[in-house]
Structure formats: structure tokens, C-alpha cells
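Below is one structure, written out as C-alpha cells; comments come after it.
Protein chains: 2
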Amino acid sequence: MHIDQIETPAALVDMDLLEGHIKRFQAYLDQHGIANRPHIKTHKIPAIALMQVAAGAVGITCQKLGEAEVMADAGIEDIFLPYNILGEAKLERLMNLARRVRMSVTADSDVIVRGLAMAAQRAAVTLPVLVEFDSGMARCGVQSPAAAAELARLIAGSEGLRFGGLMTYPSSVQACAFVRATRALLAPDGIPIERVSGGGTPQMWQAHEYPEITEHRAGMYIFGDRYTINSGAMTVEECAFRVITTVVSRPTADRGILDGGSKTFSSDLLGLDGHGLLLEYPAARFYSMSEEHGHVDFAACARKPAIGDRVTVIVNHCCPVVNLFNQIVGIRDDTVDSTWPVAARGMLQ
Amino acid sequence: MHIDQIETPAALVDMDLLEGHIKRFQAYLDQHGIANRPHIKTHKIPAIALMQVAAGAVGITCQKLGEAEVMADAGIEDIFLPYNILGEAKLERLMNLARRVRMSVTADSDVIVRGLAMAAQRAAVTLPVLVEFDSGMARCGVQSPAAAAELARLIAGSEGLRFGGLMTYPSSVQACAFVRATRALLAPDGIPIERVSGGGTPQMWQAHEYPEITEHRAGMYIFGDRYTINSGAMTVEECAFRVITTVVSRPTADRGILDGGSKTFSSDLLGLDGHGLLLEYPAARFYSMSEEHGHVDFAACARKPAIGDRVTVIVNHCCPVVNLFNQIVGIRDDTVDSTWPVAARGMLQ
Numbered sequence: 087m088h089i090d091q092i093e094t095p096a097a098l099v100d101m102d103l104l105e106g107h108i109k110r111f112q113a114y115l116d117q118h119g120i121a122n123r124p125h126i127k128t129h130k131i132p133a134i135a136l137m138q139v140a141a142g143a144v145g146i147t148c149q150k151l152g153e154a155e156v157m158a159d160a161g162i163e164d165i166f167l168p169y170n171i172l173g174e175a176k177l178e179r180l181m182n183l184a185r186r187v188r189m190s191v192t193a194d195s196d197v198i199v200r201g202l203a204m205a206a207q208r209a210a211v212t213l214p215v216l217v218e219f220d221s222g223m224a225r226c227g228v229q230s231p232a233a234a235a236e237l238a239r240l241i242a243g244s245e246g247l248r249f250g251g252l253m254t255y256p257s258s259v260q261a262c263a264f265v266r267a268t269r270a271l272l273a274p275d276g277i278p279i280e281r282v283s284g285g286g287t288p289q290m291w292q293a294h295e296y297p298e299i300t301e302h303r304a305g306m307y308i309f310g311d312r313y314t315i316n317s318g319a320m321t322v323e324e325c326a327f328r329v330i331t332t333v334v335s336r337p338t339a340d341r342g343i344l345d346g347g348s349k350t351f352s353s354d355l356l357g358l359d360g361h362g363l364l365l366e367y368p369a370a371r372f373y374s375m376s377e378e379h380g381h382v383d384f385a386a387c388a389r390k391p392a393i394g395d396r397v398t399v400i401v402n403h404c405c406p407v408v409n410l411f412n413q414i415v416g417i418r419d420d421t422v423d424s425t426w427p428v429a430a431r432g433m434l435q
Numbered sequence: 087m088h089i090d091q092i093e094t095p096a097a098l099v100d101m102d103l104l105e106g107h108i109k110r111f112q113a114y115l116d117q118h119g120i121a122n123r124p125h126i127k128t129h130k131i132p133a134i135a136l137m138q139v140a141a142g143a144v145g146i147t148c149q150k151l152g153e154a155e156v157m158a159d160a161g162i163e164d165i166f167l168p169y170n171i172l173g174e175a176k177l178e179r180l181m182n183l184a185r186r187v188r189m190s191v192t193a194d195s196d197v198i199v200r201g202l203a204m205a206a207q208r209a210a211v212t213l214p215v216l217v218e219f220d221s222g223m224a225r226c227g228v229q230s231p232a233a234a235a236e237l238a239r240l241i242a243g244s245e246g247l248r249f250g251g252l253m254t255y256p257s258s259v260q261a262c263a264f265v266r267a268t269r270a271l272l273a274p275d276g277i278p279i280e281r282v283s284g285g286g287t288p289q290m291w292q293a294h295e296y297p298e299i300t301e302h303r304a305g306m307y308i309f310g311d312r313y314t315i316n317s318g319a320m321t322v323e324e325c326a327f328r329v330i331t332t333v334v335s336r337p338t339a340d341r342g343i344l345d346g347g348s349k350t351f352s353s354d355l356l357g358l359d360g361h362g363l364l365l366e367y368p369a370a371r372f373y374s375m376s377e378e379h380g381h382v383d384f385a386a387c388a389r390k391p392a393i394g395d396r397v398t399v400i401v402n403h404c405c406p407v408v409n410l411f412n413q414i415v416g417i418r419d420d421t422v423d424s425t426w427p428v429a430a431r432g433m434l435q
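So the protein sequences, as listed, match chains A and B.
Letter by letter, the first sequence follows residues 87 to 435 in our numbering.
Letter by letter, the second sequence follows residues 87 to 435 in our numbering.
What follows is the structure in C-alpha cells.
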């Protein structure tokens, strides 16, 4: 099927660009001896995860148990779940995963560590647990090297668990300083930091500048979006992900309405102005949305679209957009190559 | 199952409140002789649409063909699709629906009307088409009563179509003036305006103040959210929809992290400050999110949660939140009453 025959709105991925991103970033990380552990939150599609692993990734990163279960079912054998898992049902699911694949998780408090230890002992597995630390984003994570070292000692001393190293987001100079300070504190205990997991797509090409980070988690690098382009990690031409839409109304000389709104594009702004870049109309301003309509000002465009014309949108943030679609269409030479169900979408638990 | 045993994050609906909203708003519209045509964009669940129709709704409103197909399959017999439908494949789907159920649609340009007419003739159906007009929201819609009258004449004169009236969002004083002006222009042609579709949940209890509006489309009234509460249409206690979460991290004395972020709550702000109201901690500030984590400042709360505590969130905007979940759980007396797949979620085409 030709791209022009695909019903809109649809989320497309250029296969050549996708394969290029997977290969090029893997080569870069290989060159610098950094393990690649891509985050599947961006695509949520087993086939793409398998492509990443086939290219050389040591495993994948998931954010929720439901995502990890989908990926384990698809044959992924090494899954990192950097999340505080707690509660009897979730711990049991985690242990079931740990019996099937190489699982590792994070913790940032003794409460989480004790829960993991109890569940691991009951399941008779040994689970690697990394300590999550806060390197400035103010999300989860212990607040100081002393707290990281204390938690590392607790993990190392817990039956059923193994201290797996440190984890933060994103990779940064501060993160490296935190790692060094924690290593110094743990040296007298003879506890090595075997793995330090950092990440981020905006800083993907600077990964080698953070010598303490041994593995990189990036999600968006395979697709790209306006945010990635604005961060300098990718050009517009390199962006593999786009949403095609149709102009369904031209109520005024300047206003055009697309057949996709916040339920297609999400409301993520990430500090950007407007809701997307229109490839055919780069001067257009995608200024607002209702749930199923996109509102565009074409005033600055010499040529303006007619009702029925197609418009290709580079979205602000590809991850939540993928999560709104039931399927993603892979395109090669303007023709449909693959149609992937977004198998791990909506896996909130 | 007791509410405390439900895994988080989960989207819950209080059944007593839901049934109360359906009954109370239907009674209000009945009292004022206004037809009730609820918008299913909020719930996307056939069982709830059937409850609305059983209570007296004349039919439902959908925004996309895929939603209408799900609802027709579930036995809904009267569906309004206030959307400009164009393109061969979509027009064929529309005509297939029109053969099965009472369909009506909107148009705001001659291009759309001509496409509908050609498809209706080919399918040998007579399709009611309402003219969408812009009453100030600057979305779709013709811009003047003269343009509305001209399009109404085109529809009335098109084989396969029937002029079905006018449609706008939301109901307002300006909308009524627009309707009167259009009616005056159409009177010499002997074209009556049989139906005027308005709507909106914020102004739901003012529907009777707009005498020209003959039917009301409201979506959120059955659930409610922070936006609805802020608009004055509902109290916090009346809000039937909430998301339960678990505190998975307490990195600092004041910060708490919930197990839901933008992929649970959407990024819709609708002019509100923060991402939700925490029922157990009304002074807490839900100030930011990553995709799977919610970041809350509990500084102003006398009592602060521990890791593992549950937190109930009244969301900013219930419609996109429902669209992120695969299922919604109906609760009665703190016990699971129903579990509904969100059958029409992700129906973007």
C-alpha cells in the first residue's frame, strides 16, 4: 500500500531511518565501550526491541511490569526495570519474570529493598538491585552518596538480592561525581559498583563524556521528534517518526483544521511552542488542539492547504504519541513495509 | 474485590455517583424539553452509553467513525458524528453505518457536502447533515449566518442528503443569536431548522438558558474532574471518576512520587495549576510528572504519606485519562462492581 492510501491520522516510522538510528547509535556506544540498554517506553513494540537487541543491545529497559511481561513473552532475555516495585501482587509478577529472564530493578529506600528481599527469598531467586540516585532532576532517587552507600550495603547484605550498581537519569557531570563519591564510600566495604546506568536521548552523542556511566538508556533516539531535534541530537531529515493527518476544514483564509488533536498528539509541550512541526508548511503555527482536531494558523505560509490535503507532522514528544495509537506503520520507499500493534501500550501496572 | 486490593494505578468510577449523574442530568433536560445526546468521548465504553440511552438519551455523540462502529456494534441505534468526513474509505464506512443505525453528521464546507452527497447517492441512503458553525471557539464551523444558510441550501438541494439543522460548541448566547439570524435567512426558502445541537459540561445546568438549542451534547458530566469542578458544574464529592495511585518513593522530607505520570494522567492542564487534586492530601501540590511517575510536594500537608500509601487523584481532565487506560473499574460500596474494557479507545480514524 502506498503511503497516500493510508487512512489518517496514522503514525508512521521510516524503516530506513529507524534501522540507521539503531545501527549508528549502537556503533557509537560500542566504540566507547558503553553498554546499550534502550528504553522501550518510546516504541512499546516487541519487533523493534528485538531489532535493537539483534544490533547489539545488552538488553532493554522497561518502566512497568506489564511492559516487561510483553517483552519477555516476545523473547527478550535481559530486562532492566528501573522502578520501585512494591506490593505483594507486583512483587510476585516481578519474581515470575526473574525466573524467566535476566531481570534487574532499582530501589531508592530501605522499604523497597526489604520488600524485594522478602519476595526474592520466597521465590528462591537472586535479583540484582541497583540504587537509584537523584542527579538533579528531583524525581526518585537517594539524595546523597552516603545514602546511596548505605542502601548499597543493605542490598549487598540481603539474602535474595545482589547489589547491581547505580542508576540515574540523565547522564551528566554531576552524576559522575556522585558515582565517584559513592565508590569511595563503598571501597572499605569491598563492595564494587559493577554497573552504572545513565541515559537520555538529548545527550546521546555525549555519552562518552561521562566516564563513570557504563550503560546508556535512550528511548527516543530510534524515532526522534521536535524535542530531540531541538536538543541537537537529530536533524529534521533524520526524524523517523511522523504523524500524517488530513485537513478537514478551512474555516477562514488562514485557519486550517487537522483530523488529529490531543488524543493523537498528546498535550506534551516539553517547553516547545505549539504542538508540532508541519513538514509541508514549516511556517505554519500548530497553535491549539481540541481532542480530535488540530488548529493551525497558515497565515505565514505562501501556499496554503485545501480541504482534503495531507499534512505530515513532526510531533513534540514521540513517546506519549505512540502510546495513543493502537498500531504504528513502518514505511519504506513510500510503501507500507510493516504494521506493528503497540503491544505494550497502556501497561500502566 | 475490595478497592484496597486493586492494583495501582487504576481508574475508578463510583457507580452510585455515575448513575446519579446520568439520571439527574436527564431529568433536568427532560424538564426543559431539551434532547440529551451525550458525547461518548469521555467514557468510550458501550455499557455506559447503553445506560445513558436507557435513561432517556435520544442517542449518542461520537467524534470518530471507529467510535461509532464500536457503539453501533453494541446496539446503540442513533449516533451523531459532528465531524467533517471525507475520503473514499471513510465515506464508505459512514454509509455502512448509516445503513445500520440512524446516523447524522456535520459539514462546514461545500467540499464536505459534495463528498457526502456523492457517497449517499451511491449507497442509496438519505443522510441528515447539520451545518457546523463557529460561535466563538475558532475551531471548525462556518463563520457567518449567511454562510450557514448557503450551506444549508446546498445540503437541502443535494440528492442523498437532508438538511438536519445546526451544530456548535459550546451552547451560548452568541450561538442563539447565530441560529436566529440563520433561521431568518432560510425562512424565504422554506427550509426549517429542525434541530440545533449545542453542548458542554461546564454549562450543563445553564442549558435551559439557550432557547434556540434543542439538544445538548455533554461528555464529562457523567464522571467529572478538576476542570468540571472548577467550572462550578459539580462538587468534589460529586466527582465519580478518580485514579488511585501508590506512593513509591519519598526521596526528601517533602517530596513524594506516585506510580503514575503523564501516561496515566495525560498532560492536559486546561488552565489549572498542577496535574490533579489529591483527595487524602488536599494541600499537596502535584507539580510535575515524568511518563510513569508523578511528583508531589507534600510540604503544606500536616500528615505526609509513607511509601506504600495509596493516594486518590481527581484528574484535571477525565477524557484523555480514560483514553490512556485499557479498562475502567466500576466501584460500589468500596467493592469492584464492574470492569469495563475501554472498547472505543484509540479509535483515531
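For every residue, glycine included, the Cβ atom is placed at its ideal position computed from N, Cα and C.
Since this is a predicted model, take the numbers as computed values, not measurements.
Determine whether the beta carbon atoms of ALA261/B and GLY284/B lie at a separation below 8 Å. On the second sequence, residue 261/B is found 175 positions in, with the first residue counted as 1. On the second sequence, residue 284/B is found 198 positions in, with the first residue counted as 1. Against a cut-off of 8 Å, the Cβ pair of GLY284/B and ALA261/B comes out as a contact.
Give the residues from the segment 388-419 of chain A that approach chain B closer than 7 Å (Cβ to any Cβ), ordered along the chain. Residues ILE393, GLY394, CYS405, PRO406, ASN409, LEU410, PHE411 and ASN412.
6 Å Cβ shell around ALA205/B - same chain, five flanking residues per side excluded: Numbered from 1 along the second sequence, position 119 holds the residue referred to as residue 205/B. Once the five neighbours on either side are set aside, the close Cβ partners of ALA205/B are LEU177 and MET181.
For PRO427/B, collect the residues of the same chain with a Cβ closer than 8 Å to its Cβ; drop the 5 residues on either side in sequence, then sort them by chain order. Sequence index remark: in the second sequence, residue 427/B carries index 341 (1-based). Same-chain partners within the cutoff: ILE131, ASN412 and GLN413.
Determine, using beta carbons only, whether ALA293/A and ILE120/A come nearer to each other than 8 Å. Along the first sequence, read from residue 1 onward, the residue named residue 293/A stands at position 207. Along the first sequence, read from residue 1 onward, the residue named residue 120/A stands at position 34. A contact, by the Cβ cut-off of 8 Å.
I need the DSSP call for ILE414/B, collapsed to helix, strand or coil. As a position in the second sequence, residue 414/B is number 328, starting the count at 1. If DSSP states are grouped into helix, strand and coil, ILE414/B belongs with the strands.
For ASP164/B: DSSP bridge partner residues: Here residue 164/B refers to the residue found at position 78 of the second sequence. According to DSSP, residue pairing for ASP164/B in a beta bridge involves ARG188/B.
Three-way DSSP call (helix, strand, coil) for PRO256/A in this model: On the first sequence, position 170 is the one that residue 256/A refers to. If DSSP states are grouped into helix, strand and coil, PRO256/A belongs with coil.
Nearest residue (CA-CA) to ILE126/A, options VAL139/A, ARG186/A and HIS88/A: Walking along the first sequence from the start, residue 126/A turns up at place 40. Cα-wise, what sits closest to ILE126/A is VAL139/A.
As assigned by DSSP and simplified to three states, the class of ILE89/B: Sequence index remark: in the second sequence, residue 89/B carries index 3 (1-based). Three-state DSSP puts ILE89/B in a helix.
Please list the partners that ASN170/A has in chain B, where partner means a Cβ-to-Cβ separation under 7 Å. Taking the first sequence and counting its residues from 1, one reaches residue 170/A at position 84. Result: VAL334 and SER335.
GLY227/B touches chain A at which residues, Cβ-Cβ below 7 Å? Mapped onto the second sequence, residue 227/B falls at position 141. Within chain A, the C-beta atoms nearer than 7 Å to that of GLY227/B come from PRO337, in chain order.
Mind checking which residues open and close the alpha helix (DSSP H) that includes ILE126/A? Counting from 1 along the first sequence, the entry for residue 126/A is found at position 40. ILE126/A -> no alpha helix (DSSP H), and no H or E assigned at all.
For LEU272/B, which residues in the same chain have their Cβ closer than 8 Å to its Cβ, ignoring the five residues on either side in sequence? In the second sequence, residue 272/B corresponds to position 186, counting from 1. Taken in chain order, the residues that qualify are ALA235, ALA238, ARG239, PRO278 and ILE279.
Identify the contact partners of GLY346/B in chain A, using a Cβ-Cβ distance below 8 Å as the criterion. Along the second sequence, one-based indexing puts residue 346/B at 260. Within chain A, the residues near GLY346/B are LEU434.
Proximal residues to LYS349/B (C-beta, below 7 Å), its chain only, five neighbours per side dropped: Stepping through the second sequence from its first residue, residue 349/B is reached at position 263. Correct list, in chain order: GLU377, GLU378 and LEU410.
When we look at the beta-carbon of HIS118/A and count the other beta-carbons within 10 Å, is it buried (16 or more) or exposed? The residue given as residue 118/A occupies position 32 in the first sequence. The C-beta of HIS118/A has fewer than 16 other C-beta atoms within 10 Å across all chains shown, which makes the residue exposed.
For the candidate residues SER190/B, ARG389/B and ASN316/B, whose alpha-carbon lies nearest to that of VAL217/B? Here the question's residue 217/B lines up with position 131 in the second sequence. Closest by alpha carbon: SER190/B.
Tell me, please, whether the CB atom of VAL191/B is closer than 8 Å to any CB atom in chain A? In the second sequence, residue 191/B corresponds to position 105, counting from 1. Output row for VAL191/B: interface = no.
Express the C-alpha separation of GLY142/A and TYR114/A in angstroms, rounding to a whole number. For the purposes of this step, residue 114/A is taken as residue 28 along the first sequence, with counting starting at 1. For the purposes of this step, residue 142/A is taken as residue 56 along the first sequence, with counting starting at 1. Distance between TYR114/A and GLY142/A, taken at the CA atoms: about 11 Å.
Give the straight-line distance between the Cα atoms of PRO406/B and GLY251/B, rounded to the nearest whole angstrom. Taking the second sequence and counting its residues from 1, the one referred to as residue 406/B is at position 320. Taking the second sequence and counting its residues from 1, the one referred to as residue 251/B is at position 165. About 29 Å.
Per DSSP, ILE343/B forms a beta bridge with which residues? In the second sequence, counting from the first residue as 1, residue 343/B sits at position 257. DSSP lists SER335/B and HIS381/B as the bridge partner or partners of ILE343/B.
Excluding the 5 residues flanking LEU98/A on each side, which residues of the same chain have their C-beta closer than 8 Å to its C-beta? Numbered from its first residue, the first sequence carries residue 98/A at position 12. Sequence-distant partners of LEU98/A (beyond 5 residues in either direction) whose C-beta falls short of 8 Å from its own C-beta, in its chain, are ILE89, ILE92, PHE327, ARG328, VAL329, ILE330, ILE414, VAL415, GLY416 and ILE417.
Where ALA135/B and ALA429/A are concerned, what is the direct C-alpha to C-alpha distance, given to the nearest angstrom? Here residue 135/B is taken as the residue at index 49 of the second sequence, counted from 1. Here residue 429/A is taken as the residue at index 343 of the first sequence, counted from 1. Roughly 27 Å separates the two Cα atoms.
Let me see if you follow: with CB-CB separation under 8 Å, is GLN149/B close to chain A or not? By one-based count along the second sequence, residue 149/B stands at place 63. Yes, its Cβ sits closer than 8 Å to a Cβ of chain A.
For LEU363/B, the residue or residues it bridges with in DSSP: Translated into the one-based positions of the second sequence, residue 363/B becomes position 277. Note: LEU363/B is bridge-paired with ILE400/B in the DSSP secondary-structure output.
Cross-chain neighbours of VAL197/A in chain B, by beta carbon under 9 Å: Stepping through the first sequence from its first residue, residue 197/A is reached at position 111. Simply ARG336, ALA392, ILE393 and GLY394.
Beta-carbon separation (whole angstroms), TYR307/A vs THR338/A, contact threshold 8 Å: Position 221 of the first sequence, counted from the start, is the residue given in the question as residue 307/A. Position 252 of the first sequence, counted from the start, is the residue given in the question as residue 338/A. Incorrect: roughly 39 Å between the Cβ atoms, too far for contact.
Within 8 Å, do at least three Cβ pairs link the segment 385-394 of chain B to the segment 360-367 of chain A? Counting Cβ pairs under 8 Å, fewer than three are found: no touch.
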